[in-house]
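**Q** Under this note's numbering, residue 138 is the last one in the sequence shown; the count climbs by one each step, no gaps. Each residue gets a CB set at the ideal place from its N, CA and C atoms; glycine is no exception.
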Amino acid sequence: MAPRASVQHLRLKLLLFAGLCALPLYGATQLQLSHGLVWPLAAYGLFSLVSFAQYWHDKSRAQQGHWRTPEKILQLTALLGGWPGALLAQQVFRHKTRKLAFQLPFWLLVLVHQGFWSYWLIADGPLVGAKLLRLLPY
């Protein structure tokens with residue numbers, strides 16, 4: 001299945017995408033540099049690829065009238081770090097972009113990621129960060 005020829009408002013959407021990805025990318029990079037933890041960066045990359053593939057598969061199945069990927073699976077993959085891939089796939093495949101019952105939780109989980117990294121970077125994550133780092137073997 002080929003994506004449509006053009007994405008509406010491409011420049012604005014690319015700017016928004018880059019802006020939303022900047023904070024988690026910077027935060028995960030700082031975490032890797034300061035604590036040697038590679039998994040946050042790896043999780044964003046891996047789950048974004050998985051999420052993109054899930055949207056492609058779901059769109060393909062929808063067009064063929066077959067069983068679909070459950071929305072809770074799409075949202076879970078996005079929550080685990082795949083939201084950049086999900087956001088990109090939504091635009092490329094024009095899939096799940098108009099359904100408010102899907103978009104609202106999706107954007108809330110994007111805000112959760114933004115909030116986590118904002119807190120981690122600005123407040124140095126003393127509450128959340130220290131507890132999470134104690135749980136991780138490194």
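Which runs of the alpha helix (DSSP H) fall wholly inside the segment 68–96 and span at least 4 residues, in chain order?
**A** The qualifying runs are 71–77 and 83–92.
**Q** My assumption, with CB atoms under 8 Å, is that A89 sits in contact with S51. Please give the rounded CB distance.
**A** Start at 1 with the first residue of the sequence shown, and residue 89 comes out as number 89. Start at 1 with the first residue of the sequence shown, and residue 51 comes out as number 51. About 7 Å separates the two Cβ atoms, so the contact holds.
**Q** Measure the C-alpha to C-alpha separation of T97 and A86 and round it to an integer number of angstroms.
**A** As a working mapping, residue 97 is identified with position 97 in the sequence shown. As a working mapping, residue 86 is identified with position 86 in the sequence shown. Cα to Cα, the separation comes out at about 11 Å.
**Q** Looking at the structure shown, is Q30 part of a helix, part of a strand, or coil, going by DSSP?
**A** Position 30 of the sequence shown holds residue 30. Looking at Q30 - three-state DSSP - the assignment turns out to be helix.
**Q** Between A28 and L41, is the Cβ-Cβ spacing less than 7 Å?
**A** As a first step, residue 28 is located in the sequence shown; it is residue number 28 there, counting from the start. As a first step, residue 41 is located in the sequence shown; it is residue number 41 there, counting from the start. In this structure, L41 lies closer than 7 Å to A28 by Cβ.
**Q** Please classify G19 as buried or exposed, where buried requires at least 16 neighbouring CB atoms within 10 angstroms.
**A** The residue labelled residue 19 in the question sits at position 19 within the sequence shown. Exposed, by the Cβ-count rule.
**Q** Report yes if the C-beta distance between L80 and F47 is below 7 Å; otherwise report no.
**A** For the purposes of this step, residue 80 is taken as the residue at position 80 of the sequence shown. For the purposes of this step, residue 47 is taken as the residue at position 47 of the sequence shown. Result yes, Cβ atoms of L80 and F47 sit closer than 7 Å.
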